[in-house]
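What follows is a set of notes on a single structure, which appears directly below.
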Amino acid sequence: MASLNDLIVSNAAVERHRPWPRAVVSRKSWQQAADRLHSGEWSLLGLWGEPDWAHMAVTEPETHACAVLSVACEASRFPSIGALHAPAIRLERAMRDLVGLEPEGLADARPWLDHGKWERHPLGPARHSPAALRAYSFLAAEGESLHQIPVGPVHAGIIEPGHFRFTANGETVVRLEERLGYAHKGTESLMAGASIGRAAVLAGRVSGDSTVAFALAFSLAAEAALGVEVPPRAVWLRALLAELERLANHFGDIGAVCNDAAFAIMHAHCALLREQVLRTAETCFGHRLLMDRVIPGGIQRDITAESARALLALVANLRKRFPELVEVYDNTPSLKDRTVGTGILSPALAQRFAAGGFIGRASGRNFDARRTPGYAPYDRLQFEIPVVRAGDVNARVWIRISEVGQSLALIEQILDQLPSGSILAGAIAERSPHGREGVALVEGFRGDVLAWVRIAAGGSVERCHLRDPSWFQWPLLEAAIEGNIVADFPLCNKSFNCSYSGHDL
Amino acid sequence: MRKLLFKSLVQGPLTEPPPAADEAALAELAARVNQASRKRWGRTLSIREVDAGSCNGCELEIHALNNMLYDLERFGLRFVASPRHADVLLVTGPVTLNMREALERTYQATPEPRWVVAVGDCARDGGVFAGSYACAGGVSAVLPVDLHIPGCPPSPTALLGGLLALVESVSAEGS
Numbered sequence: 082m083a084s085l086n087d088l089i090v091s092n093a094a095v096e097r098h099r100p101w102p103r104a105v106v107s108r109k110s111w112q113q114a115a116d117r118l119h120s121g122e123w124s125l126l127g128l129w130g131e132p133d134w135a136h137m138a139v140t141e142p143e144t145h146a147c148a149v150l151s152v153a154c155e156a157s158r159f160p161s162i163g164a165l166h167a168p169a170i171r172l173e174r175a176m177r178d179l180v181g182l183e184p185e186g187l188a189d190a191r192p193w194l195d196h197g198k199w200e201r202h203p204l205g206p207a208r209h210s211p212a213a214l215r216a217y218s219f220l221a222a223e224g225e226s227l228h229q230i231p232v233g234p235v236h237a238g239i240i241e242p243g244h245f246r247f248t249a250n251g252e253t254v255v256r257l258e259e260r261l262g263y264a265h266k267g268t269e270s271l272m273a274g275a276s277i278g279r280a281a282v283l284a285g286r287v288s289g290d291s292t293v294a295f296a297l298a299f300s301l302a303a304e305a306a307l308g309v310e311v312p313p314r315a316v317w318l319r320a321l322l323a324e325l326e327r328l329a330n331h332f333g334d335i336g337a338v339c340n341d342a343a344f345a346i347m348h349a350h351c352a353l354l355r356e357q358v359l360r361t362a363e364t365c366f367g368h369r370l371l372m373d374r375v376i377p378g379g380i381q382r383d384i385t386a387e388s389a390r391a392l393l394a395l396v397a398n399l400r401k402r403f404p405e406l407v408e409v410y411d412n413t414p415s416l417k418d419r420t421v422g423t424g425i426l427s428p429a430l431a432q433r434f435a436a437g438g439f440i441g442r443a444s445g446r447n448f449d450a451r452r453t454p455g456y457a458p459y460d461r462l463q464f465e466i467p468v469v470r471a472g473d474v475n476a477r478v479w480i481r482i483s484e485v486g487q488s489l490a491l492i493e494q495i496l497d498q499l500p501s502g503s504i505l506a507g508a509i510a511e512r513s514p515h516g517r518e519g520v521a522l523v524e525g526f527r528g529d530v531l532a533w534v535r536i537a538a539g540g541s542v543e544r545c546h547l548r549d550p551s552w553f554q555w556p557l558l559e560a561a562i563e564g565n566i567v568a569d570f571p572l573c574n575k576s577f578n579c580s581y582s583g584h585d586l
Numbered sequence: 011m012r013k014l015l016f017k018s019l020v021q022g023p024l025t026e027p028p029p030a031a032d033e034a035a036l037a038e039l040a041a042r043v044n045q046a047s048r049k050r051w052g053r054t055l056s057i058r059e060v061d062a063g064s065c066n067g068c069e070l071e072i073h074a075l076n077n078m079l080y081d082l083e084r085f086g087l088r089f090v091a092s093p094r095h096a097d098v099l100l101v102t103g104p105v106t107l108n109m110r111e112a113l114e115r116t117y118q119a120t121p122e123p124r125w126v127v128a129v130g131d132c133a134r135d136g137g138v139f140a141g142s143y144a145c146a147g148g149v150s151a152v153l154p155v156d157l158h159i160p161g162c163p164p165s166p167t168a169l170l171g172g173l174l175a176l177v178e179s180v181s182a183e184g185s
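Encoded structure:
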């Protein structure tokens, strides 16, 4: 069978699309791509639409090749990928809602992001009045003594909005179905026509906990499109910001998982470590969550010698404090009893859905966008990608614990080798006679974030698509919870910690 | 673990002194708090947080209020799981149209007297999402708002300052 590269070579690669190639393919080749995804030769990185086009980003694990394939949509129709490859289903439902494209053969034609509250097809050629309100039909679960538990969109805790429909047999969950879209803000429509600067601000608010990852993914894609060279110091400091974000989120998650097993002391102490990271971020970069610190062309603020010392002191303190907590986690049988063997995600499913981040790596999928396709400065840094195969809550906690150690080491390396020089490229949005396109894949704390952007000739954003890792992780939570007890759902959910806002856009 | 517990016993509390009640918040609240509600509440308020489509940044900082350094509960403020137990709705996000009905229903489920605090720049006027086809554009477009705490997101200290102003207002003697 032809490799991804062969396919690109045999089709007309689109000019001015960087750094990966984009090829316009026939409907037949598009369908063959679905076969490749189905057989596991390729992994799906993203699927999105424009009024007359469907685009798909894929990677070939064997060759590490990445590419974007596009198929023309005659009469707004294209062959469904989801008909063969389940991870595409929700993305295609979103394409129907937002662009008005019809995936031919898609089995699940229920709306996804569109709840009948806004004009239909906001990204399509024309908007239509909202769909008539109809009750959403959840998938059936049949059998004796089954009962349903509806949860959300307003939850009991301080969490994002989403609806979970459990069907349970006594205490055991036989089916969980998610209904999402409550946090849909129309971000991609707001980005269309926006300046690159404003689009970066919006990208940084797709999912607040991953603001660095999204701002970085958008910036890398825009810079690739425009051929902007980012100064080395900014490249390295961006990685520093990304690792601080990873640390803060991992500390928060490790504590929160333990809290959902009613083990409050871990939560209290992890929250303290998280707070130390955020305060250092505030001191060194002027924002606790590091919003708007990564900007197209570089970064917003340089660090001083004093900041570097504060960061090293932070790393030293975390190295001292965190092992004590890991020991508590590892040596508390009552806690381990809750996390070990709970919410198992099989390696086969993680592979099929190309699950990123700790979810994939806890189920044997060795993938990290920092290494493949990889981006600077990680090619110059030493780090390991922890992978285990158990796939349970405990495994997802341990991957996070291991990644904390890696991030601490990365921060030290970055500070040690930090190049000098400016932190911002010159003018970036110069006019051009042509539209230009760029794509980037960045490893956020939760997994790989995809950004694709087309910059119009005038220098503004014409179309941008941002794909949160949660798109491929949410469906797996439905699989992982099956056969577990209802009371373990919070634990499983927290160990996944998918983003609602990032998914809903 | 024994080591950790022992250390916690001897090191003294990590909780930090509170910030002063936010002046701007006090001014905004002065007009809205009446004597009747003061009598009913005393100094304790139950808060129900509602994410009306935020990016989750505000939630992260609201979570931080519960950590040992800010320790919200020492002020008589605590988060509850149901709007039926709540005095205050703490609302984040630009109020997406997909969340509008859920927010309205949550408000209706909250017994009177009740307060609505809009947290973050999005909750004030839609923030960076203002003008979107999918957003109502701020909490006040949907519910009467008693207090705005600005910021993107507001820091835990700013959140504390605003909430302390609320406690001050509802517990002050006389009107």
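From first to last, the protein sequence lines stand for chains A and B.
The numbering of the first sequence is this note's numbering, which starts it at 82 and goes up by one.
The numbering of the second sequence is this note's numbering, which starts it at 11 and goes up by one.
Ideal Cβ positions, reconstructed from N, Cα and C, are used throughout, including at glycine.
Neighbour list for residue i in chain A, Cβ cutoff strictly below 7 Å
i               : result
I159 of chain B : The premise fails here: I159 of chain B is roughly 15 Å from chain A at the closest Cβ pair, so nothing lies under 7 Å.
T106 of chain B : Y263, A264, H265 and K266
Proximal chain A residues relative to residue i, where beta-carbon distance stays under 9 Å
i               : result
E69 of chain B  : I239, I240, E241, G289 and D290
F89 of chain B  : G238 and I239
P163 of chain B : G289, R369, L370 and M372
Three-state secondary structure (DSSP) of residue i
i               : result
G486 of chain A : helix
S270 of chain A : helix
N412 of chain A : coil
N398 of chain A : helix
S18 of chain B  : helix
S72 of chain A  : Missing from the structure shown is residue 72 of chain A; chain A here goes from 82 to 586 and no further.
A568 of chain A : helix
L325 of chain A : helix
P160 of chain A : strand
R191 of chain A : coil
P206 of chain A : coil
S582 of chain A : helix
F464 of chain A : coil
Own chain residues within Cβ distance below 7 Å of residue i, not counting five before or after
i               : result
C154 of chain A : D133, W134, A135 and L182
C579 of chain A : S551, Q554, W555 and L558
P313 of chain A : P500 and G502
Those residues which DSSP pairs with residue i across a bridge
i               : result
E259 of chain A : A:F245
W533 of chain A : A:V520 and A:H546
Q229 of chain A : A:T248
L150 of chain A : A:A104 and A:M137
W125 of chain B : B:V98
S124 of chain A : A:T140
W129 of chain A : A:H136
Own chain, CB closer than 6 Å to residue i, minus 5 neighbours either side, in chain order
i               : result
K575 of chain A : A337, V338 and D341
A115 of chain A : I162, L165 and H166
G525 of chain A : S291 and A294
P377 of chain A : I277, A281, S300, A303 and I509
D361 of chain A : It is Thr, not Asp, that sits at residue 361 of chain A in the sequence shown. A391 and L395.
C145 of chain B : P104, T106, G136 and F139
R548 of chain A : G127 and L531
G445 of chain A : P428 and R470
V468 of chain A : R442 and N447
A94 of chain A  : P102 and A104
Q112 of chain A : P160
Proximal chain B residues relative to residue i, where beta-carbon distance stays under 7 Å
i               : result
V235 of chain A : V60, A112 and T116
S551 of chain A : The premise fails here: S551 of chain A is roughly 11 Å from chain B at the closest Cβ pair, so nothing lies under 7 Å.
W199 of chain A : L107, Y143 and A144
H196 of chain A : N108
Proximal chain B residues relative to residue i, where beta-carbon distance stays under 8 Å
i               : result
V338 of chain A : None at all; the shortest Cβ gap to chain B is about 14 Å.
V282 of chain A : V138
L353 of chain A : L24, N77, M78 and L79
Chain-order list of residues whose beta-carbon lies under 8 Å from that of residue i (same chain, five-residue window excluded)
i               : result
E252 of chain A : I566, V567 and A568
R201 of chain A : D178, G181, D195, R208, H209, S210, P211 and A212
L399 of chain A : L328, L354, Q357, V358, V485 and L489
Cross-chain neighbours of residue i in chain A, by beta carbon under 8 Å
i              : result
S64 of chain B : E241, A264, G289 and S582
L19 of chain B : In chain order: nothing, as chain A lies at least about 12 Å away.
Under 9 Å from the C-beta of residue i: neighbouring residues of chain B
i               : result
S270 of chain A : S142, Y143 and A144
Discussion item. Give me the subset of the segment 401-418 of chain A whose CB atoms are less than 9 Å from a CB atom of chain B, sorted by chain position.
Written reply: Near chain B, meaning a CB-to-CB distance below 9 Å, the residues of the segment 401-418 of chain A are E405, L406, E408, V409, N412 and T413.
Worksheet item: Using a Cβ cut-off of 7 Å, which residues of the segment 115-140 of chain B contact any Cβ in chain A, in chain order?
Response: Those residues of the segment 115-140 of chain B that come within reach of chain A (Cβ to Cβ, closer than 7 Å) are T116, V138 and F139.
Fill in: Members of the segment 370-388 of chain A that neighbour chain B once the beta carbon cut-off is set at 8 Å
With the criterion set as a beta carbon lying under 8 Å from some beta carbon of chain B, the members of the segment 370-388 of chain A are L370 and M372, in sequence order.
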